[in-house]
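Here the structure comes first, spelled out in structure tokens, and everything after it is commentary.
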């Protein structure tokens, strides 16, 4: 809505399509990132062999085999699409649980790091390595943007919610 009010029709049209495409790419990235980590978690608890040894799902009809990680990622996408289609309230509850879990994990990492006997301020000297300079933080910035990519949706849909305090 803001882009449409600010710019002419072509830039706002392109912005809408680029945003939609970016969300598709981010969703695929999340699913493909989830799959190997979930397989590793199952391996840690002895449910499956190591992720490299899991193998593939054979599809004899089309003479093809799909890696289990891909099948798991695809299944996760389908489950979330079905969850969104069935109930937005349930989808919101699941997102709240995921967000609380993510924040808790981050707080645990910070707490362990800050209280570790191996931690000292000398770890941050120099803050930027001389060889890479300020460009050394770019990978961390990329991970941060991807991790918190959905927060821009809060402001995007605010005007469309009928009862924001209730919903």
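Residue numbers (our numbering): 1 to 167. Don't be surprised by glycine CBs; every beta carbon is placed ideally from N, CA and C. Here the structure is a predicted model, which means the values were calculated and not measured.
DSSP state of residue i mapped onto helix, strand, coil
{"i": "residue 64", "result": "strand"}
{"i": "residue 131", "result": "coil"}
Proximity of residue i and residue j at Cβ, strictly below 7 Å
{"i": "residue 31", "j": "residue 77", "result": "yes"}
{"i": "residue 136", "j": "residue 128", "result": "yes"}
{"i": "residue 84", "j": "residue 93", "result": "no"}
{"i": "residue 26", "j": "residue 149", "result": "yes"}
Proximal residues to residue i (C-beta, below 7 Å), its chain only, five neighbours per side dropped
{"i": "residue 126", "result": "none"}
{"i": "residue 59", "result": "65 and 66"}
{"i": "residue 119", "result": "113"}
Closest residue to residue i among the options (Cα-Cα distance)
{"i": "residue 34", "options": "7, 138 and 98", "result": "98"}
{"i": "residue 29", "options": "140, 62, 147 and 14", "result": "147"}
{"i": "residue 151", "options": "63, 96 and 107", "result": "96"}
Contact set for residue i: own chain, Cβ-Cβ below 6 Å, skip 5 residues either direction
{"i": "residue 4", "result": "12"}
Next on the checklist: Using a Cβ distance threshold of 8 Å, determine whether the region 15 to 27 contacts the region 44 to 63, with at least three qualifying pairs required.
Outcome noted: Proximity of the region 15 to 27 to the region 44 to 63 falls short of the contact definition, fewer than three beta-carbon pairs being nearer than 8 Å.
Checklist entry - For the 8 Å Cβ check, are there 3 or more pairs between the region 23 to 43 and the region 62 to 73? => result Contact holds: three or more Cβ-Cβ distances are below 8 Å.
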